[in-house]
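Residue numbers (our numbering), protein chains in the order written: chain A, 517 to 630; chain B, 22 to 137.
Given below as structure tokens:
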């Protein structure tokens, strides 16, 4: 499967701490995206990192990509209670005929305790 | 700009019935993807439509089908419903097909389907 796999499945931290989530995938990718989902609702795009990039920042988010290890990590610094959500990585893997397809894993459920 | 809208938001059906879900993408977006989300399987790709043509299809039985209209609105249909079809069905739109030229997807709120 080309699906991204997030680790850990669940993470519980205190407000103000940093949260790190990891993602592994199996095939070569064009880019990798991270999304967030609040309980039972639609996903919201957070950040996209291209396959030729190693690190990217957006506000309190830092994403790294290691294509040699086929892995990525999402770091949320100085977490807030409002960051409580599920986080998904979505590698854009080659799906044939010159196109790429986003695939999602089961996500990491982050709980930030006030 | 209005976001992705999905109707209905909640639906209860019984086994054996069929259901049609609707998705209106963001204005100007031509690509619509559908996903099924369950606690056990996570977020699974159903299919993607671009300019009224199915571009990609996930590993789901033929009971799951979809289409896209000329205004980019999309519908998905599930026939002969089974208990295991209970899920949150998410629709996402993008300007270009997903994965191409670093396109991001914009998700709707989902339709929660319960099959009894």
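Here a beta-carbon is modelled for each residue, glycine too, at the ideal position from N, C-alpha and C.
Own chain, CB closer than 8 angstroms to residue i, minus 5 neighbours either side, in chain order
{"i": "residue 79/B", "result": "65, 66, 67, 68"}
{"i": "residue 128/B", "result": "25, 111, 112, 113"}
{"i": "residue 47/B", "result": "22, 23, 24, 25, 114, 127"}
{"i": "residue 39/B", "result": "98, 99, 100, 101, 102"}
{"i": "residue 589/A", "result": "536, 537, 538, 539, 579, 580"}
{"i": "residue 570/A", "result": "580, 581, 582"}
{"i": "residue 124/B", "result": "52, 115, 116, 117, 118"}
Neighbourhood of residue i by C-beta, 7 angstroms cutoff - its chain only, sequence neighbours within 5 removed
{"i": "residue 547/A", "result": "564, 565, 566, 567, 608"}
{"i": "residue 576/A", "result": "592, 593, 594"}
{"i": "residue 628/A", "result": "529, 531, 595, 596, 597, 599, 600"}
{"i": "residue 72/B", "result": "51"}
{"i": "residue 89/B", "result": "53, 70, 73, 95"}
{"i": "residue 28/B", "result": "43"}
Endpoints, beta strand (DSSP E) assigned at residue i
{"i": "residue 53/B", "result": "52-59"}
{"i": "residue 47/B", "result": "Neither: residue 47/B is in no beta strand (DSSP E) and is coded neither H nor E."}
{"i": "residue 580/A", "result": "577-582"}
{"i": "residue 590/A", "result": "587-592"}
{"i": "residue 523/A", "result": "521-523"}
{"i": "residue 34/B", "result": "31-34"}
{"i": "residue 76/B", "result": "74-78"}
{"i": "residue 71/B", "result": "63-71"}
{"i": "residue 598/A", "result": "Counting along the chain, residue 598/A falls outside any beta strand (DSSP E), and DSSP gives it neither H nor E."}
{"i": "residue 39/B", "result": "Neither: residue 39/B is in no beta strand (DSSP E) and is coded neither H nor E."}
{"i": "residue 538/A", "result": "535-540"}
{"i": "residue 138/B", "result": "Examination of residue 138/B is not possible in this model, given that chain B is present from 22 through 137 alone."}
{"i": "residue 544/A", "result": "Here residue 544/A belongs to no beta strand (DSSP E), and DSSP marks it neither H nor E."}
{"i": "residue 85/B", "result": "85-89"}
{"i": "residue 569/A", "result": "Taken as a continuous stretch (DSSP letters only), residue 569/A belongs to no beta strand (DSSP E), as it is neither H nor E."}
{"i": "residue 628/A", "result": "624-629"}
{"i": "residue 619/A", "result": "It is not in any beta strand (DSSP E) - residue 619/A carries neither H nor E in the DSSP assignment."}
{"i": "residue 528/A", "result": "526-530"}
Nonlocal neighbours in the same chain, by C-beta distance under 6 angstroms from residue i, ignoring five residues either side
{"i": "residue 620/A", "result": "604, 606"}
{"i": "residue 98/B", "result": "41, 86"}
{"i": "residue 135/B", "result": "33, 107"}
{"i": "residue 602/A", "result": "553, 623, 625"}
{"i": "residue 523/A", "result": "538"}
{"i": "residue 133/B", "result": "31, 109"}
{"i": "residue 521/A", "result": "540, 621"}
Rounded separation between residue i and residue j - CA only
{"i": "residue 84/B", "j": "residue 49/B", "result": "30 angstroms"}
{"i": "residue 57/B", "j": "residue 541/A", "result": "20 angstroms"}
{"i": "residue 622/A", "j": "residue 526/A", "result": "11 angstroms"}
{"i": "residue 76/B", "j": "residue 630/A", "result": "45 angstroms"}
{"i": "residue 555/A", "j": "residue 130/B", "result": "11 angstroms"}
{"i": "residue 44/B", "j": "residue 95/B", "result": "5 angstroms"}
{"i": "residue 558/A", "j": "residue 584/A", "result": "32 angstroms"}
{"i": "residue 59/B", "j": "residue 104/B", "result": "12 angstroms"}
{"i": "residue 117/B", "j": "residue 587/A", "result": "26 angstroms"}
{"i": "residue 70/B", "j": "residue 52/B", "result": "6 angstroms"}
{"i": "residue 37/B", "j": "residue 93/B", "result": "29 angstroms"}
{"i": "residue 140/B", "j": "residue 572/A", "result": "It is not possible to answer for residue 140/B, since the shown part of chain B is limited to 22 through 137."}
{"i": "residue 561/A", "j": "residue 55/B", "result": "16 angstroms"}
{"i": "residue 551/A", "j": "residue 618/A", "result": "11 angstroms"}
{"i": "residue 545/A", "j": "residue 63/B", "result": "21 angstroms"}
{"i": "residue 574/A", "j": "residue 611/A", "result": "29 angstroms"}
Could you check whether the region 529-542 of chain A touches the region 587-605 of chain A, counting it as contact only if at least three pairs of C-beta atoms, one from each stretch, sit closer than 8 angstroms?
yes
Complete runs of the beta strand (DSSP E) confined to the region 96-129 of chain B [at least 3 residues]
The region 96-129 of chain B contains these whole beta strand (DSSP E) runs: 108-115.
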